[in-house]
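Chemist: Pasting a structure below so you can have a look.
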Amino acid sequence: MPNMIRATSVSTGLAMGAVHVVTTGVDTVPLFTVSKGMLQAEIDRLQEAVGLAMDELDRRHKLVASQAGSQEAEIFNVQKLVLQDPGALREVESKIRDERVNAESAVKTLIDRLHASLSGVGEAGARGFAADVSEPWKRVLDALLNRDRESVHSTQEKVIVAAAELTPRVVAFLSRELVLAVVAEVGGRFSHGAVLARAMGIPCVVGIPNLLSRLEQGMTIIVDGDAGRLMLRPEDDDKTEFNKRLELHDERTARLTGLAIGVSETRDGEPLHVQANIEGLRDLDTFDIRTIDGVGLFRTEFLYMERDQFPSEDEQYRIYRQVLERMGDKPVTMRTLDIGADKTLPYFKTPPEPNPALGWRGLRISLGWRDLLRVQLRALLRASTAGNLRVLLPMVTSLEEIREVHKEFDALRRELVGQGHEVAVDVPVGAMIEVPSSFLTLRHIVQEVDFISVGTNDLVQYLLAVDRDNPWVSKLFESYHPAVLVALKYIARIAKETNTPCSVCGDMAGDPATAVMLMGFGFDSISAAAHFAPEIKHAVRSVMMKDARILAKDLADQATVAHVQKALEEFAAQYDLTGDALRV
Ligand code: PEP
Ligand code: MG
Numbered sequence: 152m153p154n155m156i157r158a159t160s161v162s163t164g165l166a167m168g169a170v171h172v173v174t175t176g177v178d179t180v181p182l183f184t185v186s187k188g189m190l191q192a193e194i195d196r197l198q199e200a201v202g203l204a205m206d207e208l209d210r211r212h213k214l215v216a217s218q219a220g221s222q223e224a225e226i227f228n229v230q231k232l233v234l235q236d237p238g239a240l241r242e243v244e245s246k247i248r249d250e251r252v253n254a255e256s257a258v259k260t261l262i263d264r265l266h267a268s269l270s271g272v273g274e275a276g277a278r279g280f281a282a283d284v285s286e287p288w289k290r291v292l293d294a295l296l297n298r299d300r301e302s303v304h305s306t307q308e309k310v311i312v313a314a315a316e317l318t319p320r321v322v323a324f325l326s327r328e329l330v331l332a333v334v335a336e337v338g339g340r341f342s343h344g345a346v347l348a349r350a351m352g353i354p355c356v357v358g359i360p361n362l363l364s365r366l367e368q369g370m371t372i373i374v375d376g377d378a379g380r381l382m383l384r385p386e387d388d389d390k391t392e393f394n395k396r397l398e399l400h401d402e403r404t405a406r407l408t409g410l411a412i413g414v415s416e417t418r419d420g421e422p423l424h425v426q427a428n429i430e431g432l433r434d435l436d437t438f439d440i441r442t443i444d445g446v447g448l449f450r451t452e453f454l455y456m457e458r459d460q461f462p463s464e465d466e467q468y469r470i471y472r473q474v475l476e477r478m479g480d481k482p483v484t485m486r487t488l489d490i491g492a493d494k495t496l497p498y499f500k501t502p503p504e505p506n507p508a509l510g511w512r513g514l515r516i517s518l519g520w521r522d523l524l525r526v527q528l529r530a531l532l533r534a535s536t537a538g539n540l541r542v543l544l545p546m547v548t549s550l551e552e553i554r555e556v557h558k559e560f561d562a563l564r565r566e567l568v569g570q571g572h573e574v575a576v577d578v579p580v581g582a583m584i585e586v587p588s589s590f591l592t593l594r595h596i597v598q599e600v601d602f603i604s605v606g607t608n609d610l611v612q613y614l615l616a617v618d619r620d621n622p623w624v625s626k627l628f629e630s631y632h633p634a635v636l637v638a639l640k641y642i643a644r645i646a647k648e649t650n651t652p653c654s655v656c657g658d659m660a661g662d663p664a665t666a667v668m669l670m671g672f673g674f675d676s677i678s679a680a681a682h683f684a685p686e687i688k689h690a691v692r693s694v695m696m697k698d699a700r701i702l703a704k705d706l707a708d709q710a711t712v713a714h715v716q717k718a719l720e721e722f723a724a725q726y727d728l729t730g731d732a733l734r735v
């Protein structure tokens, strides 16, 4: 079928709807076709963006003039003149009209032409001029990219988001009620964009070169996250078949969800706490919270990523408090800010890094910028009386880092009590185990924390030297690599020997058979995207603890990924872990 495209699935599920190509938060400027009827609207969008860029230049002119003098600010007047050049504007408008392309790509072509026409001249002065004439048009591009978000929100229609690259900002681009599915030209299976799509329970496929050039804004498409494919412009028959499959899918989900309330135990009575990974308060409205035994990972950085500036202590306090109240007695594990690599804040610029995964990220940033850490810890401590809070530290690499946090934590607790705030007597602090050094020194680390949680997404990346965000090596990202299983077995053993509560909150825990294996290793809880909880609970209830232990022992002895996967599949089929037999 010519309109069927093969892709890599990073999040299962089915969706059909109108496509919306997003431009926000991507490094590559997207190119897509604009339908004839929408050409004038695209040109209006361009003109509006030029107006916004002019306002921005005015604002900068005033700012620089007041701080450095009018001579220094003159450059912004020159830039405004460049934008007022009718020739350049006409050139961009004609490109949109004649080639029916989106405004961003037409502006990008102009910027490239301005660069090309003056590059190679060799004179520093001439090159400097090239930079200047393209600079104001870069502001127009920024304005177009930022306005996109608002324009989609105003339509309030559910859409399938299409993007050049699966970045977290793309997935978080719209409120989740408005996103049916996400499709992207590139993106790693364990990139944060993919993690987010799974957490939101929306289908997502990637690995479709030149996808955007085949799409038109508003075109109907079907995303099949189960089979890993995409269908453009489905016919009536395709739509009918899709609706049938969706009905079956929803029936099965409803049946498993109904059975998932309360803690699940194996057939011989061993519990596994199945918790949820969330990115914000509103996630709690997207599933039945009775089906989860707590929040095993609240990725608080998404609060920061959705804003234009750092959230204040009060703002954070209110959100943390509401999450804790909603969860009642159940534990809520809030992880301190874990930005860096592909999780960036638009208002917190850091210099480009050659190896961002090995760079300035997670706890390193919080310890480097103590005021960020202090604001967040104060907000968490103030909220702590509202429920069962646990604080989790990301990217722990050494014992010294944990000690530094404890010092801050204790000092802030005293400060808050001194200021008359109520703070819970006991707020457990835990460490993410996701950097090899932390599991190799686990015996020391567990002496200084109340619990541990294994972040397998990063642990796999660092154990196998495979960048989770790099699509070129995504085939090498193997959660079932024997080295990973040996590490997991070791971590669970140390935790058991030292009586340290231990969980796994990386994405591999979302697979039912894998969850049983983790229980067999000795993990007492797992945390995954909430919509996996019903299946996982069903899996736990289908087995005896001794089956889980035998499975874990068997898998930890396998020498290759293929053997591990085969054994897991056989186990899942033998015990009907996916609940397929429940259908009849
Ligand atoms: C992990 O690394 O496995 C994890 C849970 O954290 P994140 O995916 O947010 O890095
Ligand atoms: Mg991580």
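In terms of our numbering, the sequence shown opens at residue 152 and continues consecutively. Beta carbons: idealized from backbone N, C-alpha and C, even for Gly.
Give a yes or no on whether the C-beta atoms belonging to F341 and R619 are separated by under 7 Å.
Modeler: Taking the first residue of the sequence shown as position 1, residue 341 is located at position 190. Taking the first residue of the sequence shown as position 1, residue 619 is located at position 468. Contact: yes.
Chemist: With a Cβ-Cβ cutoff of 7 Å, do K647 and G673 count as a contact?
Modeler: Indexing the sequence shown from 1 puts residue 647 at position 496. Indexing the sequence shown from 1 puts residue 673 at position 522. Yes, these two residues count as a Cβ contact at 7 Å.
Chemist: Between the Cα of M155 and the Cα atoms of T260, R380 and F461, which residue gives the shortest distance?
Modeler: One-based indexing of the sequence shown puts residue 155 at position 4. The shortest Cα separation from M155 among T260, R380 and F461 belongs to R380.
Chemist: Tell me whether the stretch 491-504 and the stretch 457-473 touch, counting them as touching only if at least three CB pairs, one residue from each stretch, are closer than 8 Å.
Modeler: Taking 8 Å as the limit for Cβ pairs, the verdict is that the stretch 457-473 does touch the stretch 491-504.
Chemist: Return the first residue and the last residue of the beta strand (DSSP E) that Q541 is part of.
Modeler: Your numbering for residue 541 matches position 390 in the sequence shown. The question names Gln, but residue 541 is Arg in the sequence shown. Run containing R541: N539 to L544, per the beta strand (DSSP E) assignment.
Chemist: Rounded C-beta distance between N361 and A680? I'm assuming under 8 Å.
Modeler: Taking the first residue of the sequence shown as position 1, residue 361 is located at position 210. Taking the first residue of the sequence shown as position 1, residue 680 is located at position 529. Actually they are not in contact, since the Cβ atoms of N361 and A680 sit about 30 Å apart, beyond 8 Å.
Chemist: Suppose only complete runs of 4+ residues qualify. What are the alpha helix (DSSP H) ranges in the stretch 421-476, listed by chain order?
Modeler: Counting whole runs of 4 or more residues, the stretch 421-476 contains the alpha helix (DSSP H) stretches 452-456.
Chemist: Within a Cβ cutoff of 7 Å, which residues of the same chain sit near K259, ignoring the five residues on either side of it in sequence?
Modeler: The sequence position of residue 259 within the sequence shown is 108, counting from 1. These residues qualify, in order along the chain: V180 and L292.
Chemist: To the nearest whole angstrom, what separates the beta carbons of L234 and A204, a pair I think is in contact under 8 Å?
Modeler: As a working note, residue 234 is residue 83 in the sequence shown. As a working note, residue 204 is residue 53 in the sequence shown. With a Cβ gap of about 6 Å, L234 and A204 count as contacting.
Chemist: From D209 to A294, what distance separates their C-alpha atoms?
Modeler: As a position in the sequence shown, residue 209 is number 58, starting the count at 1. As a position in the sequence shown, residue 294 is number 143, starting the count at 1. Between D209 and A294, the C-alpha separation is close to 14 Å.
Chemist: Only counting runs of 3 or more residues, tell me where the beta strand (DSSP E) segments fall wholly within the stretch 334-409, in order along the chain.
Modeler: If we require 3 residues or more, the beta strand (DSSP E) runs fully inside the stretch 334-409 come out as 355-357, 371-375 and 380-383.
Chemist: Tell whether a beta-carbon distance below 7 Å holds between M167 and F393.
Modeler: Numbered from its first residue, the sequence shown carries residue 167 at position 16. Numbered from its first residue, the sequence shown carries residue 393 at position 242. Yes; because the gap between Cβ atoms is below 7 Å, this pair is in contact.
Chemist: Please tell me whether, using a cut-off of 6 Å, the distance from the CB of E585 to the nearest non-hydrogen atom of ligand 2 is below it.
Modeler: Position 434 of the sequence shown, counting from 1, holds the residue named residue 585. Yes - ligand 2 has a heavy atom lying nearer than 6 Å to the Cβ of E585.
Chemist: Taking one C-beta from the stretch 409-417 and one from the stretch 675-689 each time, how about it: are there three or more such pairs within less than 8 Å?
Modeler: Contact holds: three or more Cβ-Cβ distances are below 8 Å.
Chemist: In this structure, how does DSSP classify A713 when only helix, strand and coil are distinguished?
Modeler: Counting from 1 along the sequence shown, the entry for residue 713 is found at position 562. In this structure, A713 counts as helix in the three-state DSSP scheme.
Chemist: Would W288 be called buried (16 or more neighbouring beta carbons within 10 Å of its own) or exposed?
Modeler: Reading the sequence shown from its first residue, position 137 is the one you call residue 288. Counting Cβ neighbours within 10 Å, W288 comes out buried, since at least 16 surround it.
Chemist: Alpha carbon to alpha carbon, what distance is there between V578 and R564?
Modeler: Sequence index remark: in the sequence shown, residue 564 carries index 413 (1-based). Sequence index remark: in the sequence shown, residue 578 carries index 427 (1-based). Their backbone Cα atoms lie some 10 Å apart in a straight line.
Chemist: Closer than 6 Å: is that where the CB of G606 sits relative to any heavy atom of ligand 1?
Modeler: For the purposes of this step, residue 606 is taken as the residue at position 455 of the sequence shown. Checking every heavy atom of ligand 1 against the Cβ of G606, one is found closer than 6 Å.
Chemist: Which partner residues does K259 have in the DSSP bridge list?
Modeler: The residue you call residue 259 lines up with position 108 of the sequence shown. Paired residues: none, contrary to the question.
Chemist: Helix, strand or coil, according to DSSP, for G491 in the structure here?
Modeler: In the sequence shown, counting from the first residue as 1, residue 491 sits at position 340. Correct three-state label for G491: strand.
Chemist: When every heavy atom of ligand 2 is checked, does at least one fall within less than 6 Å of the C-beta of D609?
Modeler: Walking along the sequence shown from the start, residue 609 turns up at place 458. Indeed, a heavy atom of ligand 2 lies less than 6 Å from the Cβ.
Chemist: From which residue to which residue does the beta strand (DSSP E) around I311 run?
Modeler: Start at 1 with the first residue of the sequence shown, and residue 311 comes out as number 160. Its beta strand (DSSP E) spans residues V310 to E316.
Chemist: Return yes when the C-beta of R450 is under 6 Å from any heavy atom of ligand 1, and no when it is not.
Modeler: Position 299 of the sequence shown holds residue 450. Checking the Cβ of R450 against ligand 1 gives yes.
Chemist: Are the beta-carbon atoms belonging to L454 and L540 less than 7 Å from one another?
Modeler: Residue 454 sits at position 303 when you count from the first residue of the sequence shown. Residue 540 sits at position 389 when you count from the first residue of the sequence shown. No, these two residues do not count as a Cβ contact at 7 Å.
Chemist: Using beta-carbon positions only, say whether V170 and L399 come within less than 7 Å of one another.
Modeler: Against the sequence shown, residue 170 aligns to sequence position 19. Against the sequence shown, residue 399 aligns to sequence position 248. The answer is no: Cβ separation not under 7 Å.
Chemist: Whole angstroms is fine: what's the gap from A634's alpha carbon to L614's?
Modeler: Position 483 of the sequence shown, counting from 1, holds the residue named residue 634. Position 463 of the sequence shown, counting from 1, holds the residue named residue 614. Spanning the two alpha carbons is a distance of roughly 8 Å.
Chemist: Could you name the residues of the same chain whose beta carbon sits closer than 6 Å to that of R251, not counting the 5 residues immediately before and after it, in chain order?
Modeler: Counting from 1 along the sequence shown, the entry for residue 251 is found at position 100. Here the set comprises T184 and V185.
Chemist: Going by DSSP in three states, E244 sits in which element: helix, strand or coil?
Modeler: Along the sequence shown, read from residue 1 onward, the residue named residue 244 stands at position 93. Three-state DSSP puts E244 in a helix.
Chemist: Residue ranges of each alpha helix (DSSP H) run of no fewer than 4 residues wholly in the stretch 155-236, ordered along the chain?
Modeler: With a minimum length of 4 residues, the continuous alpha helix (DSSP H) runs that stay inside the stretch 155-236 are 190-219 and 221-234.
Chemist: Could you tell me the alpha carbon to alpha carbon distance between R469 and A239, rounded to whole angstroms?
Modeler: Within the sequence shown, numbered from 1, the residue matching residue 469 stands at position 318. Within the sequence shown, numbered from 1, the residue matching residue 239 stands at position 88. Near 48 Å, if we compare the C-alpha coordinates of A239 and R469.
Chemist: Let me know the secondary structure DSSP gives P503 once reduced to three states.
Modeler: As a working note, residue 503 is residue 352 in the sequence shown. Coil, per DSSP.
Chemist: Should V346 be counted as a contact of ligand 1 given a C-beta to heavy atom distance under 6 Å?
Modeler: To locate residue 346, count along the sequence shown from 1; it is residue 195. Correct: V346 has its Cβ closer than 6 Å to ligand 1.
Chemist: Is G657 near ligand 1 - that is, is its Cβ less than 6 Å away from at least one heavy atom of it?
Modeler: Here residue 657 is taken as the residue at index 506 of the sequence shown, counted from 1. Yes, since a heavy atom of ligand 1 falls inside the 6 Å radius drawn around the Cβ of G657.
Chemist: By the three-class DSSP mapping on this structure, what secondary structure does E416 have?
Modeler: Along the sequence shown, one-based indexing puts residue 416 at 265. In this structure, E416 counts as strand in the three-state DSSP scheme.
Chemist: Determine, using beta-carbon pairs with one atom in the stretch 306-315 and one in the stretch 330-338, whether at least three such pairs fall under 8 Å.
Modeler: Yes: at least three Cβ pairs fall under 8 Å.
Chemist: Quick check on T391: buried or exposed, where buried means 16 or more other Cβ atoms within 10 Å of its Cβ?
Modeler: What you label residue 391 is simply residue 240 of the sequence shown in a count that begins at 1. So T391 counts as exposed.
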